[in-house]
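Structure first, then comments.
Below you can see the structure in the form of structure tokens.
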């Protein structure tokens, strides 16, 4: 999805097109859903499902399941002058909850990962999916940053270099002035420490 | 008796300067290899439960910075092939 803000006119036009496609789908032409789902698959995956699951393979499965459910239940959707995205997002979140319920992961970590982020959708301005996704991304980022702030400096730096900047192990080790083996240990401990602070350690 | 998985996920985390045991060194190396593979989109399907839990955390961190973006076209097409 484009990250540049759309103009009000563009949003209005996109919303009208989406409304027409949803109506077509509700009248039986399910193919009309395809461009709508193609548009929203990326934000659903990147800002709703994956940050709450952490497993790309699971996340893809949940996305697939979410889209299938949306197509199956499209007739139950009621257009309220807003994008269909919040409805899709809620289906996705319910699916994520199901996965967490079925898995044996730490209760606290599961709670931390599936935390609900309030979405301020303004019907007057037709807050679009991009706005909601950006808002959700910022909220996730804030929670990650908050947890990072609780880590010791070298752990925070190890995560920052390897997982955020995605530097090679060699470069990370060099930046920290340690051997690669020592950097591996630092990153291992850093992720363990992050997990504990994020909610899964007890 | 606590398993190694229990220790990894719930045990205390040593300070950065603490000397690692040979077991921790080996586990750290294994985790580093998993991260390597994940960063290049080759996450192995099979791994221990504790490695998976840690890798999930790594992915959550990466996702929050927009470092994980993928939606294969097949995912979107799937509902239609399933439904029809």
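Protein chains in written order, with the working numbering: chain A, 6 to 207; chain B, 670 to 753. Beta carbons: idealized from backbone N, C-alpha and C, even for Gly.
- Of all residues in the region 180–201 of chain A, only 186, 189, 190, 191, 192, 193, 194, 196, 197, 198, 199, 200 and 201 come within less than 7 Å of chain B when Cβ atoms are compared, listed by chain position.
- Look at residue 48 of chain A here: in three-state DSSP terms it is helix.
- Assigned with DSSP and collapsed to three states, residue 183 of chain A falls in coil, not helix or strand.
- If you draw a 10 Å sphere on the C-beta of residue 697 of chain B, you find 16 or more other C-beta atoms in it, and that means buried.
- Across the set A/53, A/39 and A/154, the C-alpha of A/53 shows the shortest separation from the C-alpha of residue 735 of chain B.
- Closer than 8 Å to the CB of residue 723 of chain B there is at least one CB belonging to chain A.
- By alpha-carbon distance to residue 704 of chain B, the top candidate from A/174, A/202 and A/180 is A/174.
- By alpha-carbon distance to residue 26 of chain A, the top candidate from A/76, A/59 and A/154 is A/76.
- In this structure, DSSP gives residue 681 of chain B a state outside helix and strand, which the three-state scheme calls coil.
- DSSP places residue 687 of chain B outside any alpha helix (DSSP H), giving it a letter other than H or E.
- Buried is the label assigned to residue 685 of chain B, since at least 16 other Cβ atoms lie within 10 Å of its Cβ.
- Within chain A, no C-beta atom comes nearer than 9 Å to that of residue 715 of chain B; the closest sits roughly 11 Å away.
- Secondary structure at residue 108 of chain A: coil, using DSSP grouped into helix, strand and coil.
- Straight-line measurement puts the Cα of residue 198 of chain A at about 24 Å from the Cα of residue 104 of chain A.
- In the structure shown, the three-state DSSP call for residue 92 of chain A is helix.
- Taking 8 Å as the cut-off, the Cβ atoms of residue 195 of chain A and residue 136 of chain A do not count as close.
- One alpha carbon belongs to residue 65 of chain A, the other to residue 146 of chain A, and they sit about 21 Å apart.
- Annotation: residue 17 of chain A has no Cβ neighbours in chain B at a cutoff of 7 Å; minimum Cβ distance is about 25 Å.
- By the 16-neighbour rule on beta-carbons within 10 angstroms, residue 718 of chain B is exposed.
- Not a single CB atom of chain B sits nearer than 8 Å to the CB of residue 91 of chain A.
- Look at residue 692 of chain B: its C-beta is not under 8 Å from any C-beta on chain A.
- For residue 86 of chain A, none of the residues of chain B pass the 9 Å Cβ criterion, the least Cβ distance being about 25 Å.
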